[in-house]
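There are 2 protein chains.
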Amino acid sequence: MAEKVTIATVARHARVSRQTVSNVLNSPHIVRQETRQRVEDAINALGYRANQAARQMRTGRSRLIAARIDPTRDGINGSVLDRFLHGLTETADAAGYRVLLYTATDDDREIATYGDLLGTYELDAFVLVGTKHGDPRTEWLADRDVPFVTFGRPWDALDAHPWVDVDGAAGTAQATRRLLDAGHRRIAFIGWPVGSGVGDDRRAGWRDALRAAGVDPTGLHRETEDGIAEGERLMHDLLATVAPSAVVCASDSLALGALQAIRGVDPPVSVIGFDDTPVAAAVGLTSVSQPLGEAAARCVDLLTGVLDGDHETPTPVLLQPSLALRHTA
Amino acid sequence: MAEKVTIATVARHARVSRQTVSNVLNSPHIVRQETRQRVEDAINALGYRANQAARQMRTGRSRLIAARIDPTRDGINGSVLDRFLHGLTETADAAGYRVLLYTATDDDREIATYGDLLGTYELDAFVLVGTKHGDPRTEWLADRDVPFVTFGRPWDALDAHPWVDVDGAAGTAQATRRLLDAGHRRIAFIGWPVGSGVGDDRRAGWRDALRAAGVDPTGLHRETEDGIAEGERLMHDLLATVAPSAVVCASDSLALGALQAIRGVDPPVSVIGFDDTPVAAAVGLTSVSQPLGEAAARCVDLLTGVLDGDHETPTPVLLQPSLALRHTA
DNA sequence: TCCAGAAACTTGAACGTTCCAATCCTGCCT
DNA sequence: AGGCAGGATTGGAACGTTCAAGTTTCTGGA
Chain A
0 MAEKVTIATV ARHARVSRQT VSNVLNSPHI VRQETRQRVE DAINALGYRA
50 NQAARQMRTG RSRLIAARID PTRDGINGSV LDRFLHGLTE TADAAGYRVL
100 LYTATDDDRE IATYGDLLGT YELDAFVLVG TKHGDPRTEW LADRDVPFVT
150 FGRPWDALDA HPWVDVDGAA GTAQATRRLL DAGHRRIAFI GWPVGSGVGD
200 DRRAGWRDAL RAAGVDPTGL HRETEDGIAE GERLMHDLLA TVAPSAVVCA
250 SDSLALGALQ AIRGVDPPVS VIGFDDTPVA AAVGLTSVSQ PLGEAAARCV
300 DLLTGVLDGD HETPTPVLLQ PSLALRHTA
Chain B
0 MAEKVTIATV ARHARVSRQT VSNVLNSPHI VRQETRQRVE DAINALGYRA
50 NQAARQMRTG RSRLIAARID PTRDGINGSV LDRFLHGLTE TADAAGYRVL
100 LYTATDDDRE IATYGDLLGT YELDAFVLVG TKHGDPRTEW LADRDVPFVT
150 FGRPWDALDA HPWVDVDGAA GTAQATRRLL DAGHRRIAFI GWPVGSGVGD
200 DRRAGWRDAL RAAGVDPTGL HRETEDGIAE GERLMHDLLA TVAPSAVVCA
250 SDSLALGALQ AIRGVDPPVS VIGFDDTPVA AAVGLTSVSQ PLGEAAARCV
300 DLLTGVLDGD HETPTPVLLQ PSLALRHTA
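Shown next as structure tokens:
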């Protein structure tokens, strides 16, 4: 039975003290080159790995980051979270952190979970995906000086915390310009009800791009809750009223509905969705693609910046989306 | 500045020793009712939470379970993992465990990650999703007596470890019987190449259901790699050769391809997919639905069984899928 | 009333690491 | 040669918990 390899084992093997081994690990520069080499050899020979629990007891840092996994909402847009989490895990790993999952059914429970995770596991930071107007979660975390980032900018201008987001307006603007370039003039927009930050942002991109091209957007947009059926309904409405030759949608779900509504219409109506979900790839829907891996990486960057010393408040990051061109536009 | 609340704080407050507090937490039955009440009151009053790192140092148990998050493969079937992970997080939480994510690009790296996670974080167990023929990962874990479960039965009969799986054959059989009941006789099958355990299993369910109904399945099946384009290609082939009136597919991707191939065919060909992905729900595809939440829950059950005492090898679990009826069949 | 035995509770010690303060070198200056 | 500064290294203590082995308190039977 192999003895457990601790820092003491390494120390004995390299004929130095425990503290010197610890120094090789944490502040290599203060150890003489020759000694350091000897210790590193011992570490490799013995396959030593620093015990995180013991380390945590002294330092109070767990090198753990919490991220929430949702109960897959309507589904289509769910895979966004999936890809984001993967990116998070990958980048965090490279930075020496690990990702811990949690779920919650409402804000109160989520906050209770924060308390539990912080108290029991001493989590270092939280990553929140999507925040809403007057979010109690960010407030709770900020009040307690718990490091966190949000993927999604804060829609209340009130409190400024580190965030990473994708420029949705730039995405819909790009989509709209592509349609304009293709000769379209009557370009409609199907989006979410006014008041949702993300929805307003995406609509603004479409509107501004039209205006910049000298096209009046009045009457060309419709709003609804997300969903395929809703997208189909509103597209029928648009066809019957303003007869657009193209449409930009705030989500792939809406776009998919629109696609069903225009089946058989001639000349074909161009459709562009948002999020570049697997479904879009599957049905050949052109869609605005968010750089999710990049977004996750920047989240980790911001957090490690805060955690590993940098005392300055980190700068928010706004990433540019791209257009995944397929055959619907 | 509030002092950190430790077991000693609680002990002082309840006028008992540290150990008694510890006993209230871990073996309440050996503490006198009145004392226990006093301690519990103190715990609540102070908002005490046991520090996991310290606990781990003594017990060697981290109450952490590792699960892998994949770089979202083709996409459509990706959301299966998503839902499974959510279920895992939820059930693990209820059992007092937390889920830690990791990624890896190949088996060697994955095994290296196991070593790291075990050495550094002292993980309690692993959950593997999908194992292949002669999987080096299960072997490595078994050799070191690391507790683990696989979601997906072991296809090598060799070593028996705890597993949870969904009875794919039962799913395709159920789908096939539904089509038979609807009067279909020429029911085709589009699946994966022979040799993939999961694929063979799903094909067997279709074949056996046909035979049981006195229908000869010969010539009615096609095999290919997963993917929409492939599904479309093979469906065209089937239409041109055996002209089936219905088809059962091994995945929603294949089924989606089949749907595209039959567009306009009259009378309409019935299609049933597998996995009940968001895409299936979106396009109204009838599909075999795996009880993913249940599967995750049973994985946790098996693990906690092994971890919390039960010395008997736990029984594998085979769950029954159901049919999500929509309008393609 | 006393005592044995069980139940209830307490007290050091230990888990593996890092912090802190102290000691030991080494080379340089006088 | 002696003293000294500064780098390199060391040993004790502490983080918060549970284990193991104690000590005290209670219970009931003679």
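If you read the protein sequences in the order shown, they are chains A and B. Take the first sequence: its letter number 113 is residue 112 in numbering that gives the first Met the number 0, and every next letter is one higher. Take the second sequence: its letter number 89 is residue 88 in numbering that gives the first Met the number 0, and every next letter is one higher. From the three backbone atoms N, C-alpha and C, an ideal C-beta is built for every residue, glycine too.
Beta-carbon spacing of residue i, residue j below 8 Å
i         : j         : result
ILE271(B) : ALA254(B) : yes
LEU127(A) : THR149(A) : yes
HIS172(A) : ALA208(A) : A small fix is needed here, since residue 172(A) is Ala in this sequence, not His. Going by C-beta atoms, ALA172(A) is nearer than 8 Å to ALA208(A).
ALA296(B) : VAL246(B) : no
HIS183(A) : SER252(A) : no
PRO70(A)  : HIS85(B)  : yes
ILE64(A)  : LEU302(A) : yes
ARG201(B) : GLY167(B) : yes
VAL299(A) : THR90(A)  : yes
ALA294(B) : LEU317(B) : no
ALA328(B) : SER269(B) : yes
GLY4(B)   : LEU45(B)  : Correcting the residue identity first, residue 4(B) is Val in this sequence and not Gly. Against a cut-off of 8 Å, the Cβ pair of LEU45(B) and VAL4(B) comes out as a contact.
Whole-number beta carbon distance between residue j and residue i, since they are thought to touch under 8 Å
i         : j         : result
VAL20(A)  : ILE6(A)   : 5 Å
ALA174(B) : LEU322(B) : 6 Å
LEU99(A)  : ARG97(B)  : 6 Å
LEU233(A) : THR223(A) : 6 Å
GLY304(A) : PRO313(A) : 5 Å
THR119(A) : GLY151(A) : Between GLY151(A) and THR119(A) the Cβ distance is about 27 Å, and since that is not below 8 Å, they are no contact.
LEU258(B) : LEU284(B) : 7 Å
GLY170(A) : VAL287(A) : 4 Å
Member of the options whose CA lies at the smallest distance from the CA of residue i
i         : options                                    : result
SER61(A)  : PHE125(A), ASN22(A), ILE42(A)              : PHE125(A)
ARG143(B) : ARG221(B), ARG108(B), HIS160(B), THR34(B)  : HIS160(B)
SER78(A)  : ALA242(A), ALA279(A), TRP154(A), THR217(A) : ALA279(A)
THR137(A) : ASP123(A), ASP236(A), PRO153(A)            : PRO153(A)
ASP115(B) : TYR47(A), PRO27(A), ILE64(A), TRP162(A)    : TYR47(A)
VAL214(A) : GLY226(A), GLU33(A), ASP180(A), ASP236(A)  : ASP180(A)
PRO320(A) : GLU311(A), GLY308(A), HIS326(A), ASP275(A) : ASP275(A)
LEU219(A) : GLU229(A), GLY204(A), ALA242(A)            : ALA242(A)
ASP236(A) : GLY226(A), ILE261(A), ASP225(A)            : ILE261(A)
ILE189(B) : ASP225(B), ARG176(B), THR240(B), ASP164(B) : ASP225(B)
MET56(A)  : GLY59(B), THR240(B), ASN50(B)              : ASN50(B)
GLY196(A) : GLU121(A), TRP139(A), ARG176(A), ASP134(A) : ASP134(A)
GLY204(A) : ARG176(A), GLY230(A), ALA13(A)             : ARG176(A)
GLY194(A) : ARG185(A), GLU231(A), HIS132(A)            : HIS132(A)
ASN25(A)  : THR88(A), HIS12(A), ARG54(A)               : ARG54(A)
Where residue i sits in the DSSP three-state scheme
i         : result
ASP236(A) : helix
ALA44(B)  : helix
ALA93(A)  : helix
GLY190(B) : strand
ALA124(A) : strand
ILE261(A) : coil
ALA172(B) : helix
ILE271(B) : strand
ALA252(B) : Correcting the residue identity first, residue 252(B) is Ser in this sequence and not Ala. Helix, per DSSP.
THR314(A) : coil
LEU301(A) : helix
ASP199(A) : helix
MET0(B)   : Bear in mind that the predicted position of MET0(B) carries a pLDDT of just 47, short of 50, making it unreliable; the figure below should be weighed with that in mind. Residue state, collapsed to three classes: coil.
HIS28(A)  : helix
LEU100(B) : strand
SER78(A)  : helix
ARG210(B) : helix
THR130(B) : coil
GLU224(B) : coil
Proximal residues of chain B, C-beta to C-beta of residue i below 8 Å
i        : result
GLN55(A) : ALA52
VAL98(A) : LEU99, LEU100
Where residue i meets chain A, residues with beta-carbon distance less than 7 Å
i         : result
GLY118(B) : ARG48
Proximal residues of chain A, C-beta to C-beta of residue i below 8 Å
i         : result
VAL299(B) : The premise fails here: VAL299(B) is roughly 13 Å from chain A at the closest Cβ pair, so nothing lies under 8 Å.
ASP69(B)  : HIS85
ASP105(B) : What ASP105(B) touches in chain A: nothing, since even the nearest Cβ is about 14 Å away.
GLU224(B) : Simply none; closest approach about 15 Å.
GLU121(B) : ASN50, GLN51, ALA52
Chain B residues whose Cβ lies nearer than 7 Å to that of residue i
i       : result
ILE6(A) : The contacting residues do not exist; ILE6(A) stays about 13 Å from chain B at best.
Check: residue i C-beta below 7 Å from any heavy atom of the ligand PLP
i        : result
ASN50(B) : In the structure on display, the ligand PLP does not appear, and there are no ligands present to speak of.
Closer than 9 Å at the beta carbon, the chain A residues around residue i
i         : result
THR102(B) : HIS85, THR88, GLU89, ASP92
Neighbouring residues, chain B, relative to residue i (Cβ below 9 Å)
i         : result
ASP115(A) : ARG48
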